[in-house]
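What follows is a set of notes on a single structure, which appears directly below.
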Amino acid sequence: MTADTNVEVRKGYDRVVVPESAGGTRSLTRQQFETLPLRERVSYLIEGSAQFFRDGRPISASEAMRI
Amino acid sequence: MSVAIKALETTQAAAEAIVQRAETRYEAHRQEILGSTDRIFAWLMIGQWIFAIAVALIFSPYGWQGKVKTVHMHVWVALFLGAAIISLPVALAWRRPGELLTRHAIAAGQMLCSALLVHLSGGRIETHFHVFGSLAFLAFYRDWPVLVTATVVVAAEHLVRGILWPESVYGIPNPEWWRFLEHAFWVVFCISILIPSCRRGLKDMRVMADRGAELEALSENQWRNSSVVDRAAADARGDR
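Note that the protein sequences, when read in sequence, are chains L and Z. Quick note, the first sequence lines up with residues 2 to 68 if you use the numbering used here. Quick note, the second sequence lines up with residues 11 to 250 if you use the numbering used here.
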C-alpha cells in the first residue's frame, strides 16, 4: 500500500459570510475578512456567527483557522 | 436585562480581553526584538572600537617629530574619539534597552564608527562598505525611521568632512563637491529596499499576534458551546 503524496492539501478558507448589524449577511473574501478590525473578527469567532467556505463548500471555523 | 443583551455584553468583554492580549503579545515581541538588537549593537560597538584601535596601532602606530618618535595621532583618535562615539549608544543600550532614543543614538553612533574607520584607513573606498553592512544590521530593529537617522548622519558627516578634510573621507585632496551626494545616493538605494523589508517584518508580527487572537476566540466559542461537564473538566485541566 502506498500513500498518495500527490494529494493537494488545501487549508484555510477563501470566503466567509458574516452577519450585518442591520440584519442580513454579507459575503467577504479572505482578504476582506482579514482587513476587518481584529475586535470584529474575534467577536464573529466567539459568537460562531461567521460561516466559512472553501471552494464553495461550508467548513467549520476550526477547519478555516488552520494555517 | 434580556438574555440577548447580556450575551452580547459578555461577547464584547471577551473580545476586548482577547484583543488586549494580542496587543500585549505583539508589543512584547517587538520590545524583545528592539532590546536584543540594542544589546547586539552594544557589543558590536565595543568590538569596533577595539578594532579601530588595532587598525591605528597596526597601520600608523608612530609618527616622527624631527628625530623624535611619537605615538601617531591616529592612535589617540581611535582611542578617545572612538570612546566618545560609542559611549552614549552603549550606555543607552545597557540602561535603556528598547527605547526610541536608544536605537536612534545607536544608528547615529554606528555611522560615526564607519566615519572613524574610513578616516583611519585613509579614506579607502573599501572601508565605506562598513556603512552598508551597518545599515543591514540596523534593519534588525524593523523600525525604518532608524535607517533615516543613519542616512542623515552619514550624508551630513560626508558633506562636512568632504569640505574640511577630503582626504579623510575620499582619500584624495580635491574631490568634486558633489561626491557626498553620490555616496548618499547609494545609501538611499540600500535603504529603499530595507525600509519595505522592515515594514513587512512588523506586519508579519502583527499577523502572528492576530492569528493567536483568532485561535483564542475559537477556543472561547468551543468552550461556550461545550456542556457544563466538559467546561468543568476543561477548567480543571487549565485549558482555558
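Heads up, the beta-carbon is just placed ideally off N, CA and C, and yes, glycines get one too. Quantities reported herein were computed from a predicted structural model and do not represent experimental measurements.
*Below-9 Å beta-carbon distance, V43(L) vs any chain Z residue*: One-based indexing of the first sequence puts residue 43(L) at position 42. For V43(L), the answer is yes, since a Cβ of chain Z falls inside 9 Å of its Cβ.
*What residues in its chain sit with their C-beta under 7 Å from that of R189(Z), if we drop five residues either side in the sequence?*
By one-based count along the second sequence, residue 189(Z) stands at place 179. Sequence-distant Cβ neighbours of R189(Z) in its own chain, meaning closer than 7 Å and more than five residues away, are G172, Y180.
*asked:* Any beta carbon from chain Z within less than 9 Å of E21(L)'s own beta carbon?
replied: Start at 1 with the first residue of the first sequence, and residue 21(L) comes out as number 20. Interface criterion not met: the Cβ of E21(L) is under 9 Å from no Cβ in chain Z.
_Given a cut-off of 9 Å on the beta-carbon distance, is the pair E33(Z) and A219(Z) in contact?_
If you number the second sequence from 1, residue 33(Z) lands on position 23. If you number the second sequence from 1, residue 219(Z) lands on position 209. Yes, these two residues count as a Cβ contact at 9 Å.
*Between L110(Z) and Q22(Z), what straight-line distance do the alpha-carbon atoms span, to the nearest angstrom?*
Translated into positions along the second sequence, residue 110(Z) becomes position 100. Translated into positions along the second sequence, residue 22(Z) becomes position 12. Spanning the two alpha carbons is a distance of roughly 34 Å.
*Tell me whether the beta-carbon of L130(Z) lies closer than 9 Å to the beta-carbon of F69(Z).*
Residue 130(Z) sits at position 120 when you count from the first residue of the second sequence. Residue 69(Z) sits at position 59 when you count from the first residue of the second sequence. Going by C-beta atoms, L130(Z) is nearer than 9 Å to F69(Z).
*Mind checking who T30(L) pairs with in its DSSP beta bridge?*
For the purposes of this step, residue 30(L) is identified with residue 29 of the first sequence, where counting begins at 1. DSSP lists R16(L) as partners of T30(L).
*Are the region 15-33 of chain L and the region 47-59 of chain L touching by the rule of at least three beta carbon pairs closer than 8 Å?*
A contact exists between the region 15-33 of chain L and the region 47-59 of chain L.
*Check P183(Z) in the structure and name its three-state DSSP category.*
For the purposes of this step, residue 183(Z) is identified with residue 173 of the second sequence, where counting begins at 1. Secondary structure of P183(Z) (DSSP, three-state): coil.
*T80(Z), DSSP secondary structure in three states*: As a first step, residue 80(Z) is located in the second sequence; it is residue number 70 there, counting from the start. DSSP places T80(Z) in strand when its eight states are reduced to three.
*Are P99(Z) and A52(Z) touching if we call contact CB-CB under 9 Å?*
Taking the second sequence and counting its residues from 1, one reaches residue 99(Z) at position 89. Taking the second sequence and counting its residues from 1, one reaches residue 52(Z) at position 42. The answer is yes: Cβ separation under 9 Å.
*How about H193(Z) and V164(Z): do their beta carbons lie closer than 9 Å?*
Working through the second sequence from its first residue, we reach residue 193(Z) at position 183. Working through the second sequence from its first residue, we reach residue 164(Z) at position 154. Yes, these two residues count as a Cβ contact at 9 Å.
*Let me know the secondary structure DSSP gives R35(Z) once reduced to three states.*
To locate residue 35(Z), count along the second sequence from 1; it is residue 25. In this structure, DSSP gives R35(Z) a helical state, which the three-state scheme calls helix.
*Using 10 angstroms around the beta-carbon of R40(Z), count the other beta-carbons present and answer buried if the total reaches 16, otherwise exposed.*
What you label residue 40(Z) is simply residue 30 of the second sequence in a count that begins at 1. With a 10 Å radius around the Cβ and a threshold of 16 neighbouring Cβ atoms, R40(Z) comes out buried.
_Using the Cβ count rule (16 or more neighbours within 10 Å means buried), how would you classify W274(Z)?_
This structure does not reach residue 274(Z), given that chain Z is present from 11 up to 250, and the question cannot be answered.
*Does the beta-carbon distance from D153(Z) to L44(Z) come in below 9 Å?*
For the purposes of this step, residue 153(Z) is identified with residue 143 of the second sequence, where counting begins at 1. For the purposes of this step, residue 44(Z) is identified with residue 34 of the second sequence, where counting begins at 1. Yes, the pair counts as a contact, with Cβ atoms nearer than the cut-off.
_Could you pull the DSSP bridge partners for P59(L) from this structure?_
The residue given as residue 59(L) occupies position 58 in the first sequence. DSSP output for P59(L) lists F54(L) as bridge partner(s).
_Interface partners of L225(Z) on chain L, CB under 7 Å_ = To locate residue 225(Z), count along the second sequence from 1; it is residue 215. Going along chain L in sequence order, the residues near L225(Z) (Cβ under 7 Å) are M66.
*Give me the Cα-Cα distance between M2(L) and T30(L), rounded to the nearest whole angstrom.*
In the first sequence, the residue the question calls residue 2(L) occupies position 1. In the first sequence, the residue the question calls residue 30(L) occupies position 29. Here M2(L) scores only 46 on pLDDT, less than 50, and its place in the model should not be relied on; the value that follows carries that caveat. Roughly 40 Å separates the two Cα atoms.
*Spatial distance of S337(Z) from A62(Z) (CA atoms)*: Because chain Z spans 11 through 250 in this model, residue 337(Z) falls outside it and cannot be assessed.
*T159(Z) by DSSP, collapsed to three states: which one?*
Here residue 159(Z) is taken as the residue at index 149 of the second sequence, counted from 1. Note: T159(Z) maps to helix in three-state DSSP.
*Decide if N7(L) is buried, meaning its Cβ has at least 16 other Cβ atoms within 10 Å, or exposed.*
Taking the first sequence and counting its residues from 1, the one referred to as residue 7(L) is at position 6. Note on N7(L): pLDDT 49, under 50, position unreliable in the model; the coordinate value appears next. Classification of N7(L): exposed, given that the 10 Å Cβ count is below 16.
*Could you say if the region 111-123 of chain Z and the region 155-163 of chain Z meet the contact criterion of at least three C-beta pairs nearer than 8 Å?*
Output reads yes: the region 155-163 of chain Z touches the region 111-123 of chain Z.
_chain Z contact residues for I47(L), given Cβ-Cβ distances below 7 Å_ = Numbered from 1 along the first sequence, position 46 holds the residue referred to as residue 47(L). Counting only Cβ-Cβ distances below 7 Å, I47(L) has contacts in chain Z at T21, A24, A25, A227, E230, N231, in chain order.
*Whose Cβ in chain Z lies nearer than 8 Å to the Cβ of R40(L)?*
What you label residue 40(L) is simply residue 39 of the first sequence in a count that begins at 1. Residues of chain Z whose Cβ lies closer than 8 Å to the Cβ of R40(L) are, in chain order, A25, E26, V29.
*Residue closest to V198(Z), alpha-carbon to alpha-carbon, out of T159(Z), L122(Z), E230(Z)*: As a working note, residue 198(Z) is residue 188 in the second sequence. Between V198(Z) and the set T159(Z), L122(Z), E230(Z), the nearest pair of CA atoms involves T159(Z).
*Rounded to whole angstroms, what's the CA-CA distance from A62(L) to S12(Z)? Just pull it up for me.*
Working through the first sequence from its first residue, we reach residue 62(L) at position 61. Working through the second sequence from its first residue, we reach residue 12(Z) at position 2. Going by the C-alpha atoms only, they are around 28 Å apart.
*Can a CB atom of chain L be found closer than 9 Å to the CB of N235(Z)?*
The count along the second sequence starts at 1 and reaches residue 235(Z) at position 225. Interface residue, yes.
*Return the first residue and the last residue of the alpha helix (DSSP H) that A117(Z) is part of.*
For the purposes of this step, residue 117(Z) is identified with residue 107 of the second sequence, where counting begins at 1. Start and end: 110-130.
*A101(Z) touches chain L at which residues, Cβ-Cβ below 9 Å?*
Here residue 101(Z) corresponds to residue number 91 of the second sequence, with the count starting at 1. Taking a Cβ-Cβ threshold of 9 Å, none of the residues of chain L is close to A101(Z); the smallest such distance is about 38 Å.
*asked:* Would L148(Z) and L102(Z) qualify as a contact pair, given that the criterion is a beta-carbon distance under 9 Å?
replied: Here residue 148(Z) is taken as the residue at index 138 of the second sequence, counted from 1. Here residue 102(Z) is taken as the residue at index 92 of the second sequence, counted from 1. Not closer than 9 Å, so no.
_List, in chain order, every chain A residue whose beta-carbon is nearer than 7 Å to that of D220(Z)._
Looking at the structure shown, chain A is missing, and the protein chains on hand are L and Z.
*Along the alpha helix (DSSP H) that carries R105(Z), what are the first and last residues, could you check?*
In the second sequence, residue 105(Z) corresponds to position 95, counting from 1. For R105(Z), the enclosing alpha helix (DSSP H) begins and ends at 92-105.
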